[in-house]
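Residue 41 in this note's numbering sits at position 41 of the sequence shown; the count goes up by one each step and never skips. Here's the structure we're looking at; comments come further down.
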Amino acid sequence: MSMDVLKAVLQSILDALGSGGRHDGTTSQQRQFVPIKALRERDLTIVDMLNSAGHEDVSFCICDPQQKDCPIVFASDGFCRFTGYTWREIEGKNCRFLQGKDTLEADVNRIRTAVQQEREASVNLLNYRKDGSSFNNEFFMMPLYDCDNRLQYFAGVQCSVKKLGPGQAPENVGWVYTQGLHA
């Protein structure tokens with residue numbers, strides 16, 4: 001998946017979420033991810049899109065692959081609302097805490113392989129909220145690099161979808177971009 005395609009997918013997700021449910025004219029006070037490591041310009045653009053006002057409901061997290069077990073170093077307010085956890089409960093943990101008894105190992109392995117190969121991925125898997133309820137997650141992840149193409153972070157965007165596996169994808173707002181049907 002090219003960077004332009006990933007940007008288009010993220011933008012379509014952000015656009016589909018609209019104003020994040022805020023229609024009262026107030027200013028958002030959402031937490032924002034501020035990288036402490038230098039990132040190349042195009043990856044900063046992705047971070048800026050995820051942080052942008054009006055997209056408070058976007059569920060995303062940032063992980064640091066240079067730390068032991070690749071922990072979450074930032075969880076968006078949307079991620080917290082979506083999963084039921086506070087950012088204090090999330091940050092410092094690996095994303096696997098969202099897995100449960102019916103999460104397929106094959107799906108987890110697709111994510112693990114993408115991390116090991118430092119590549120983008122889209123994985124449809126079953127995850128669990130803090131209250132134990134499950135959700136079908138269309139998970140998009142991408143590596144974020146510095147100007148010397150050294151891996152600094154992984155960004156992950158979570159989108160709830162109606163069902164797992166084949167057949168659900170066309171209802172996903174970003175799916176059209178992965179199929180090249182957006183032109």
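Idealized CB from N, CA, C, for every residue including glycine. Since we're looking at a predicted model, the values are computed, not measured.
For residue i, the three-state DSSP class (helix, strand or coil)
i: Val123; result: strand
i: Ile72; result: strand
i: His23; result: Confidence in His23 is poor, its pLDDT being 35 and thus under 50, which makes the residue's placement unreliable; the coordinate value appears in the next sentence. His23: coil per DSSP, three-state reduction.
i: Phe33; result: coil
i: Leu191; result: Since the first and last residues shown for the chain are 1 and 183, residue 191 lies out of range.
i: Ala114; result: helix
i: Gly78; result: helix
i: Leu50; result: helix
i: Val108; result: helix
i: Thr86; result: coil
i: Leu39; result: coil
i: Thr103; result: coil
i: Trp175; result: Here Trp175 scores only 45 on pLDDT, less than 50, and its place in the model is too uncertain to base an answer on.
Burial state of residue i (16 or more Cβ within 10 Å)
i: Glu138; result: buried
i: Val34; result: exposed
i: Ile111; result: buried
i: Gln158; result: buried
i: Gly156; result: buried
i: Asp43; result: buried
i: Asp148; result: exposed
i: Ser133; result: exposed
Which residues DSSP lists as bridging residue i, in chain order
i: Ser160; result: Asn137
i: Phe154; result: Cys63, Pro143
i: Tyr128; result: Ser134
Short Cβ contact (7 Å threshold) for residue i with residue j
i: Asn124; j: Leu98; result: no
i: Asp212; j: Asn94; result: Coverage of the chain is limited to positions 1 through 183, which leaves residue 212 absent and any answer about it impossible.
i: Phe140; j: Ser122; result: yes
i: Gly39; j: Asp146; result: The question names Gly, yet the displayed sequence has Leu at residue 39. Yes, these two residues count as a Cβ contact at 7 Å.
i: Ile62; j: Phe74; result: yes
i: Gly78; j: Val47; result: no
i: Lys56; j: Gln32; result: Just to set this straight, residue 56 is Glu in the shown sequence, not Lys. Not a contact, by the Cβ cut-off of 7 Å.
i: Pro71; j: Gly92; result: yes
i: Phe135; j: Pro143; result: no
i: Lys37; j: Gln152; result: yes
Q | At least 3 beta-carbon pairs within less than 8 Å: the region 95-104 vs the region 117-129 | A | yes
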